[in-house]
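*Asks:* Okay, here's the structure, questions in a sec.
2 protein chains.
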Amino acid sequence: MGYLRRMAARRAAPGTGEKPLSFIEQARRGQLIEITIGLVAERGYAATSLASIAQAAGITKGAVLYHFASKDAVMAAAHAHVLSALVADVGAAVDAAPADQAPAAYVRRMVGHMADRPDHARVLIEAMINDDRPDSGARWKPLAAILQDARKARGQDPGTDPRTLALIVGGAIDAIIGERLQDADYDVEAGAESLIAMLEAATFA
Amino acid sequence: MGYLRRMAARRAAPGTGEKPLSFIEQARRGQLIEITIGLVAERGYAATSLASIAQAAGITKGAVLYHFASKDAVMAAAHAHVLSALVADVGAAVDAAPADQAPAAYVRRMVGHMADRPDHARVLIEAMINDDRPDSGARWKPLAAILQDARKARGQDPGTDPRTLALIVGGAIDAIIGERLQDADYDVEAGAESLIAMLEAATFA
DNA sequence: GTCTATAACGTGATAGAC
DNA sequence: GTCTATCACGTTATAGAC
């Protein structure tokens, strides 16, 4: 792995120095995070209020704010939860594949992961949007590195600008996932394979 | 054109039966629309309140609601404004190109249009997100049709599923534009050409 | 016809009850 | 340690002044 870890690192960075939390606390936090994921997936970030979270959990707003410092803290926790699941899943798949097939593995698992967890996908999309920090390439760099390694493993010249190639592939993945979110009948696996085929054709040119 | 018209048609549909509006009214509306575009581009849909629009225009909230029926009506007007500009621009470029080169023209003008108007791009993105109506393929169908026509003009078999191909290209365009919004130095023209090269390679396979 | 002042509501966060 | 009642603010929309 290592590639995707960087993605997560940005989020996890400030959180060093956590106090140990009780079992009931941990359970409540987990419950609230799950509820928040569902609500954000359904209504979006801005439309998800503390009141709606509290109501879904059967408690009051203040109780939510006892377990989390602020609304943003709840959102950040929910985002971190789905992001770490994504990183672990895709990272493992990429690491298990030989370097020259890592890009295909990345595309397949990324699409598969999101298709299997529509709620997570929607949360990640929402987070991507509402995250107004200028992410200096954090989005495309991991994939660009995987693509470069694959080319090296095949003994090819570095062809198209890796940044642009990673952006194109990443954007295509987003579009395929987005289509699945709107139409549950859309065949994402076939979409992923089409994208991989295009990528192979472009890499050999 | 005709392809992109459909995109706009959805939005424009209900608005038949408009009463003629006075000059000052039209001017105010235009002013408010421009202001709204700027604010939405800067802060996003949810964070753009009537108060912020009114303040930027130097009037009160109520005055805004005299010219538009509701906050959503202001937003819809702003969206319609940027969308019609996009449709007119890209549509003209596509129509001017021979069928076999229409996809390339589409990509170039789409990217160019957005790169030249970052505010418009951001508004379109925001609208895409907050538009929770299930758009039955409205997003990819125009491009899919252009791609199919190009293949026909070249006497090629219909290869990859046109829906998937359109989704991939559309997603790639979004990613290229998104990158430009975050990094003004990113060379979108080069990105567009890379995408077109990939598309050509895939079409010939 | 154009706009200002006011109202009714929902929000995130706090102070304090248990 | 856990949660409820309360607060101050910003929101959209309306009623009414000019």
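Residue numbers (numbering that gives the first Met the number 0), protein chains in the order written: chain A, 0 to 204; chain B, 0 to 204. A virtual CB, placed ideally from N, CA and C, is assigned to each residue, including glycine. Computed from a predicted model, the values in this text were never measured in an experiment.
Mind checking the region 23–40 of chain A against chain B and listing, in chain order, the residues whose C-beta falls within less than 7 angstroms of any C-beta there?
*Replies:* none
*Asks:* At a CB distance below 9 angstroms, what residues from the region 109–143 of chain A approach chain B? Give them in sequence order.
*Replies:* Cβ contacts with chain B come from I124, E125, I128, N129, D131, P133, D134, S135, G136, R138, W139.
*Asks:* So with CB distances below 7 angstroms, who are the chain A contacts of E178 (chain B)?
*Replies:* What you label residue 178 (chain B) is simply residue 179 of the second sequence in a count that begins at 1. Within 7 angstroms Cβ-Cβ: L166.
*Asks:* Looking at chain B, is there any beta carbon in it that lies within less than 8 angstroms of the beta carbon of A152 (chain A)?
*Replies:* Counting from one through the first sequence, the residue named residue 152 (chain A) turns up at place 153. Cβ-Cβ to chain B under 8 angstroms: no for A152 (chain A).
*Asks:* Near G136 (chain A), what residues of its chain come up, given a Cβ to Cβ distance below 6 angstroms and the 5 sequence neighbours on each side ignored?
*Replies:* Walking along the first sequence from the start, residue 136 (chain A) turns up at place 137. Same-chain partners within the cutoff: there are none.
*Asks:* If you drop the 5 nearest sequence neighbours on each side, which residues of the same chain put their C-beta closer than 6 angstroms to that of A53 (chain B)?
*Replies:* Here residue 53 (chain B) corresponds to residue number 54 of the second sequence, with the count starting at 1. Taking C-beta separations shorter than 6 angstroms and ignoring five residues to either side along the sequence, the partners of A53 (chain B) in its chain run T59, K60, V63, following chain order.
*Asks:* Alpha carbon to alpha carbon, how far is G154 (chain A) from A101 (chain A)?
*Replies:* The residue labelled residue 154 (chain A) in the question sits at position 155 within the first sequence. The residue labelled residue 101 (chain A) in the question sits at position 102 within the first sequence. One alpha carbon belongs to G154 (chain A), the other to A101 (chain A), and they sit about 15 angstroms apart.
*Asks:* On a CA-only basis, which of B:A174, B:D130, B:E125, B:I167 is nearest L142 (chain B)? Give me that one, please.
*Replies:* Position 143 of the second sequence, counting from 1, holds the residue named residue 142 (chain B). Among B:A174, B:D130, B:E125, B:I167, the Cα nearest to that of L142 (chain B) belongs to B:I167.
*Asks:* Does the region 90–101 of chain B come close enough to the region 120–140 of chain B that 3 or more CB-CB pairs lie under 8 angstroms?
*Replies:* At 8 angstroms Cβ cutoff, the stretches do not touch.
*Asks:* Less than 6 angstroms between C-beta atoms, sequence neighbours within five positions excluded: which residues of the same chain meet that for L179 (chain A)?
*Replies:* The residue labelled residue 179 (chain A) in the question sits at position 180 within the first sequence. This sequence places Arg at residue 179 (chain A); Leu is not what is there. A114, Y185, V187, listed in sequence order.
*Asks:* Give the DSSP-derived three-state secondary structure of R138 (chain B) in the structure shown.
*Replies:* Here residue 138 (chain B) refers to the residue found at position 139 when the second sequence is read from its first residue. The answer is coil: DSSP assigns R138 (chain B) none of H, G, I, E or B.
*Asks:* Would you grab the beta carbon distance between I34 (chain B) and A50 (chain B) for me? Rounded to a whole angstrom, and I think it's under 8 angstroms.
*Replies:* In the second sequence, the residue the question calls residue 34 (chain B) occupies position 35. In the second sequence, the residue the question calls residue 50 (chain B) occupies position 51. Contact flag wrong, Cβ pair sits at about 12 angstroms.
*Asks:* Grab me the residues of A149 (chain A)'s own chain with a C-beta within less than 7 angstroms of its C-beta, minus the 5 sequence neighbours each way, in chain order.
*Replies:* Reading the first sequence from its first residue, position 150 is the one you call residue 149 (chain A). Exclusion of the five residues before and after A149 (chain A) leaves A98, D99, A101, P102 as the residues of its chain whose Cβ lies within less than 7 angstroms of its Cβ.
*Asks:* Would you give the residue range spanned by the alpha helix (DSSP H) that R179 (chain A) belongs to?
*Replies:* Counting from 1 along the first sequence, the entry for residue 179 (chain A) is found at position 180. First-last of the alpha helix (DSSP H) with R179 (chain A): 161–181.
*Asks:* Could you round the C-beta distance between A200 (chain A) and A200 (chain B) to whole angstroms and report it? I think they count as a contact, below 8 angstroms.
*Replies:* For this step, residue 200 (chain A) is matched to residue 201 along the first sequence. For this step, residue 200 (chain B) is matched to residue 201 along the second sequence. 5 angstroms between Cβ atoms; contact.
*Asks:* At which residues does the alpha helix (DSSP H) containing M21 (chain A) begin and terminate?
*Replies:* In the first sequence, residue 21 (chain A) corresponds to position 22, counting from 1. Note on residue identity: the sequence assigns Ser, not Met, to residue 21 (chain A). For S21 (chain A), there is no enclosing alpha helix (DSSP H), as DSSP marks it with neither H nor E.
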